[in-house]
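Visitor:
Protein chains: 2
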Amino acid sequence: MKKTNRVCQVLGTTFPIVQAGMVWCSGWELASAVSNAGGLGVLGAGSMYPEALRTHIEKVKETAPGLPFAVNVPLLYPAVEEHMKSIVDLNVPVVITSAGNPKAWTAHLKEHGIRVMHVVSSVKFGLKAEQAGVDAVIAEGFEAGGHNGREETTTMCLVPAVADACKVPVIAAGGLHDGRSVVAAMVLGAEGVQLGSRFVATPESSAHQAFKEAVLSAEEGSTSLELKEVTPVRLLDNPFAQRVVAAQQAGASQDELRALLGRGRAKRGMFEGDMTEGELEIGQVSSMLRDLEPAGDIVERLVKECMALAGPDWATRWGL
Amino acid sequence: MKKTNRVCQVLGTTFPIVQAGMVWCSGWELASAVSNAGGLGVLGAGSMYPEALRTHIEKVKETAPGLPFAVNVPLLYPAVEEHMKSIVDLNVPVVITSAGNPKAWTAHLKEHGIRVMHVVSSVKFGLKAEQAGVDAVIAEGFEAGGHNGREETTTMCLVPAVADACKVPVIAAGGLHDGRSVVAAMVLGAEGVQLGSRFVATPESSAHQAFKEAVLSAEEGSTSLELKEVTPVRLLDNPFAQRVVAAQQAGASQDELRALLGRGRAKRGMFEGDMTEGELEIGQVSSMLRDLEPAGDIVERLVKECMALAGPDWATRWGL
Numbered sequence: 524m525k526k527t528n529r530v531c532q533v534l535g536t537t538f539p540i541v542q543a544g545m546v547w548c549s550g551w552e553l554a555s556a557v558s559n560a561g562g563l564g565v566l567g568a569g570s571m572y573p574e575a576l577r578t579h580i581e582k583v584k585e586t587a588p589g590l591p592f593a594v595n596v597p598l599l600y601p602a603v604e605e606h607m608k609s610i611v612d613l614n615v616p617v618v619i620t621s622a623g624n625p626k627a628w629t630a631h632l633k634e635h636g637i638r639v640m641h642v643v644s645s646v647k648f649g650l651k652a653e654q655a656g657v658d659a660v661i662a663e664g665f666e667a668g669g670h671n672g673r674e675e676t677t678t679m680c681l682v683p684a685v686a687d688a689c690k691v692p693v694i695a696a697g698g699l700h701d702g703r704s705v706v707a708a709m710v711l712g713a714e715g716v717q718l719g720s721r722f723v724a725t726p727e728s729s730a731h732q733a734f735k736e737a738v739l740s741a742e743e744g745s746t747s748l749e750l751k752e753v754t755p756v757r758l759l760d761n762p763f764a765q766r767v768v769a770a771q772q773a774g775a776s777q778d779e780l781r782a783l784l785g786r787g788r789a790k791r792g793m794f795e796g797d798m799t800e801g802e803l804e805i806g807q808v809s810s811m812l813r814d815l816e817p818a819g820d821i822v823e824r825l826v827k828e829c830m831a832l833a834g835p836d837w838a839t840r841w842g843l
Numbered sequence: 524m525k526k527t528n529r530v531c532q533v534l535g536t537t538f539p540i541v542q543a544g545m546v547w548c549s550g551w552e553l554a555s556a557v558s559n560a561g562g563l564g565v566l567g568a569g570s571m572y573p574e575a576l577r578t579h580i581e582k583v584k585e586t587a588p589g590l591p592f593a594v595n596v597p598l599l600y601p602a603v604e605e606h607m608k609s610i611v612d613l614n615v616p617v618v619i620t621s622a623g624n625p626k627a628w629t630a631h632l633k634e635h636g637i638r639v640m641h642v643v644s645s646v647k648f649g650l651k652a653e654q655a656g657v658d659a660v661i662a663e664g665f666e667a668g669g670h671n672g673r674e675e676t677t678t679m680c681l682v683p684a685v686a687d688a689c690k691v692p693v694i695a696a697g698g699l700h701d702g703r704s705v706v707a708a709m710v711l712g713a714e715g716v717q718l719g720s721r722f723v724a725t726p727e728s729s730a731h732q733a734f735k736e737a738v739l740s741a742e743e744g745s746t747s748l749e750l751k752e753v754t755p756v757r758l759l760d761n762p763f764a765q766r767v768v769a770a771q772q773a774g775a776s777q778d779e780l781r782a783l784l785g786r787g788r789a790k791r792g793m794f795e796g797d798m799t800e801g802e803l804e805i806g807q808v809s810s811m812l813r814d815l816e817p818a819g820d821i822v823e824r825l826v827k828e829c830m831a832l833a834g835p836d837w838a839t840r841w842g843l
């Protein structure tokens, strides 16, 4: 059977497996490992200064020569214009936009031959992204780590709804870590998958070792969606998250919550390893992760598990 | 291929499809229709006085003669002893317990030859139920309607975790409404499925017509998990739910929230049709429901859709 998977066609990858572009966790080493394994490696530009992003792009091109990769750009990021300039100048093949209006950059990027995907948490934004001309949408459920939608729609409910509404291919995200969850996402109507938490717990991720260990120690109920009145974000339980919860329960205002959050906490936690005062973003599925696993092995294992679970016909249909 | 599905074996049903026992929505007409279609019809005893439950049990036995059915008993219900006596006296074949300690009644019921399942929202409680001797656990995710777990674990994350931990079969619940979601649940490790919201929107459900219409008009984001400080419950947006949200944001105490909830609101909303002051419990998946569908047709359609999607080999393996 010939591969007809549209996500592979859009991305130019061997497999429709995308590594999420995550702040402080996904630099060139992780992206390069995933792209070399046949998936889409993604740089998380939301935690990079423009110069750092250029360096990371150059390193991916050097270590994964000729292979597709992407940059994730949160559109609320102050340096978005400089990031987009680097992306065009350095011929990045794919851009994933999030946290903003997909109309803002899609046409510009596509004029330069760049494939564009937008992260959505609802059908409404899925249709908006499609209208803006994206090549695919990433439908990310409530269980995903980091910033998240206000509707709290889970992957099980979101993916079929977005797949029914949109003509462009849908990539499922949120709660995925093994062959079972990848097959489930495909059955729900996705044509590709994006995994974040699983790729944080890899030797190649730039997360601090203490954060990786905390992720691997997570239990059920260890993460929760907080700061809903400001910007909803799924956090790993730690003393900082507990202070956020207490403030919310005491009826703190948006300004008070913003002041509590302050600046630089995500870096402090995930990159510098401050497990007390840092903001730790991770998905619910962290409770099922027990070991660091090389990023390339994850891609290979997912393909094998899907093949064993669903059989070669399905696997081929899914581009695996 | 011979059917080896363990849920069918435990329940004695043709299909491993369970209709959730829901307060105010699931009386004998719904349970009977589902059991007659080859699934497990369930009476929701949480909204019935002991005499009413006896009447409903007798009506199911009369209209679905010789077929398996169940009673769902929330263990916090004040009349639980009388309910359990009726269940034993009237030879109910299956009991589903929820909202309480599975140790309380499992041994007693099993001594009388009754199969017992317990609803859980975490691995921890799944193992507890298994230790108590239940025949199966129902793993219900965050997206489900009504009362829900504090960990907020979604179906995508919960089902594989419980399936990995428990030896007894797992029935998935939360976010299921069509063949895609049923197949996804099976792939995740479930051996059966339970659907609630889909069965509320049937001619046979005892929900008030106004509530059924509200369910069919639900959009994404129309439900949310509220009253987390008291007992987490997924509510449909209405003026009462908005007052709950406002009280929570203002930092209301548990006592204040309990006073706001008061008594009889679920009946007022779901059974009597007060869409303003009533408490309306429904799942996220309501946003994908557009038409009333006879309960028997739902069972038949699910089996057909699964068969078409996954093929006869898988369907047989899944007891379909």
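Sequence lines, in order, name chains A and B.
With the first sequence counted from 1, adding 523 to any position gets you the working numbering.
With the second sequence counted from 1, adding 523 to any position gets you the working numbering.
The beta-carbon is built from N, C-alpha and C at its ideal position, and this holds for glycine as well.
State yes or no: is the beta carbon of B/GLU666 nearer than 9 Å to at least one beta carbon in chain A?
Guide: B/GLU666 counts as touching chain A.
Visitor: Establish whether the CB of A/VAL530 and some CB of chain B are separated by less than 9 Å.
Guide: Cβ-Cβ to chain B under 9 Å: no for A/VAL530.
Visitor: Along chain B, in chain order, which residues have C-beta atoms closer than 7 Å to that of A/GLN807?
Guide: By Cβ distance, chain B contributes THR676, THR677 and CYS680.
Visitor: Span of the beta strand (DSSP E) holding B/HIS700?
Guide: B/HIS700 -> no beta strand (DSSP E), and no H or E assigned at all.
Visitor: Measuring alpha carbon to alpha carbon, tell me which residue in B/PHE538, B/LEU534, B/LEU576 and B/VAL530 is nearest B/GLU552.
Guide: Selected option, being the one with the closest Cα: B/LEU576.
Visitor: Among the residues of its own chain, which have a CB less than 6 Å from the CB of A/ALA686, if the five just before and after it don't count?
Guide: Counting only Cβ-Cβ distances below 6 Å, and skipping sequence neighbours, we find VAL693 and GLY712.
Visitor: Would B/ALA587 and B/PHE722 qualify as a contact pair, given that the criterion is a beta-carbon distance under 9 Å?
Guide: Contact flag unset, no.
Visitor: In chain order, what residues of the region 807-822 of chain A put their CB closer than 8 Å to some CB of chain B?
Guide: So the close ones are GLN807, VAL808, SER810 and MET811.
Visitor: Interface residues of chain A around B/ALA684 at Cβ under 8 Å?
Guide: Neighbours of B/ALA684 on chain A, chain order: GLU743, SER810 and MET811.
Visitor: So what does DSSP say about B/MET640, is it helix, strand or coil?
Guide: In the structure shown, B/MET640 sits in a strand (DSSP, three-state: E or B).
Visitor: Do A/LEU563 and A/GLN532 come within 9 Å of each other at the CB atom, strictly closer than that value?
Guide: Not in contact: A/GLN532 and A/LEU563 (Cβ atoms no closer than 9 Å).
Visitor: Straight-line CA distance for A/GLU743 to A/GLY668?
Guide: One C-alpha to the other measures close to 14 Å.
Visitor: Less than 9 Å separating the beta-carbons of B/ILE580 and B/LEU825?
Guide: Cβ atoms of B/ILE580 and B/LEU825: not closer than 9 Å.
Visitor: Quick one: grab the DSSP three-state call for B/ASN559.
Guide: If DSSP states are grouped into helix, strand and coil, B/ASN559 belongs with the helices.
Visitor: Comparing alpha-carbon positions, which option in A/GLN732, A/SER810 and A/ASP778 lies nearest A/THR746?
Guide: The candidate whose alpha carbon is nearest that of A/THR746 is A/SER810.
Visitor: Strictly below 8 Å CB to CB, what residues from chain A border B/ARG673?
Guide: Those within 8 Å of B/ARG673 in chain A are GLY744.
Visitor: Can you grab the Cα-Cα spacing for the pair A/GLY672 / A/SER645, in whole Å?
Guide: Their backbone Cα atoms lie some 8 Å apart in a straight line.
Visitor: Whose Cβ in chain A lies nearer than 8 Å to the Cβ of B/LEU711?
Guide: Within chain A, the residues near B/LEU711 are ARG703, SER704 and ALA707.
Visitor: Could you tell me which chain B residues have their CB closer than 8 Å to the CB of A/GLY774, listed as they occur along the chain?
Guide: Per Cβ cutoff of 8 Å: GLN772, ALA773 and GLY774.
Visitor: Note down, in chain order, every chain B residue with its Cβ under 8 Å from the Cβ of A/SER747.
Guide: Per Cβ cutoff of 8 Å: GLU675.
Visitor: Identify the continuous alpha helix (DSSP H) that holds B/PHE722 and give its terminal residues.
Guide: It spans 720-723 - the alpha helix (DSSP H) in which B/PHE722 sits, taken as one unbroken run.
Visitor: Compute the Euclidean distance between the alpha carbons of A/VAL691 and A/SER740, then round it to the nearest angstrom.
Guide: Distance between the alpha carbons of A/VAL691 and A/SER740 is about 37 Å.
Visitor: Does the CB of A/VAL646 have a neighbour CB from chain B at under 9 Å?
Guide: Yes, A/VAL646 counts as interfacial toward chain B.
Visitor: Here's the rule: buried if 16 or more other CB atoms are within 10 angstroms of the residue's CB, otherwise exposed. What is A/LEU759?
Guide: So A/LEU759 ends up on the buried side.
Visitor: Can you tell me whether DSSP reads B/PHE665 as helix, strand or coil?
Guide: In the structure shown, B/PHE665 sits in coil (DSSP, three-state: anything other than H, G, I, E or B).
Visitor: Counting only Cβ pairs nearer than 8 Å, list the residues of chain A close to B/LEU783.
Guide: Under the 8 Å cutoff, chain A gives no residues; its nearest Cβ is about 15 Å from B/LEU783.
Visitor: Check the Cβ-Cβ distances between A/VAL533 and every residue of chain B, and say whether any is below 9 Å.
Guide: Closer than 9 Å: no.
Visitor: Ignoring anything shorter than 4 residues, give me the alpha helix (DSSP H) runs that lie fully in the region 564-590 of chain A, in order along the chain.
Guide: The region 564-590 of chain A contains these whole alpha helix (DSSP H) runs: 573-586.
Visitor: Cβ of B/THR678 within 9 Å of Cβ of B/PRO591?
Guide: Taking 9 Å as the Cβ cut-off, B/THR678 and B/PRO591 do not qualify as a contacting pair.
Visitor: Taking the runs of the beta strand (DSSP E) that are 3 residues or longer, which of them lie wholly in the region 717-778 of chain A?
Guide: 746-749 and 756-759, all fully within the region 717-778 of chain A.
Visitor: For B/PHE592, which of helix, strand or coil comes out of DSSP?
Guide: Reduced to three states, the DSSP call for B/PHE592 is strand.
Visitor: Sort out for me which residues DSSP pairs A/ALA659 with in a bridge.
Guide: Its beta-bridge partners are A/MET640.
Visitor: Below 8 Å between beta carbons is the criterion; list the residues of the region 823-840 of chain A that meet it against any residue of chain B, in chain order.
Guide: If the cut-off is 8 Å between Cβ atoms, the region 823-840 of chain A has LEU832 and ALA833 near chain B.
Visitor: B/GLN864 lies in the beta strand (DSSP E); which residues open and close that run?
Guide: The question about residue 864 of chain B has no answer here: the residues shown for chain B are numbered 524 through 843.
Visitor: Quick one: which chain A residues come within Cβ less than 7 Å of B/GLY698?
Guide: Those within 7 Å of B/GLY698 in chain A are THR677, MET679 and CYS680.
Visitor: Output needed for B/LEU613: all residues of its chain with C-beta closer than 6 Å, excluding positions within five of it in sequence on either side, in chain order.
Guide: Excluding sequence neighbours, B/LEU613 sits near ILE580.
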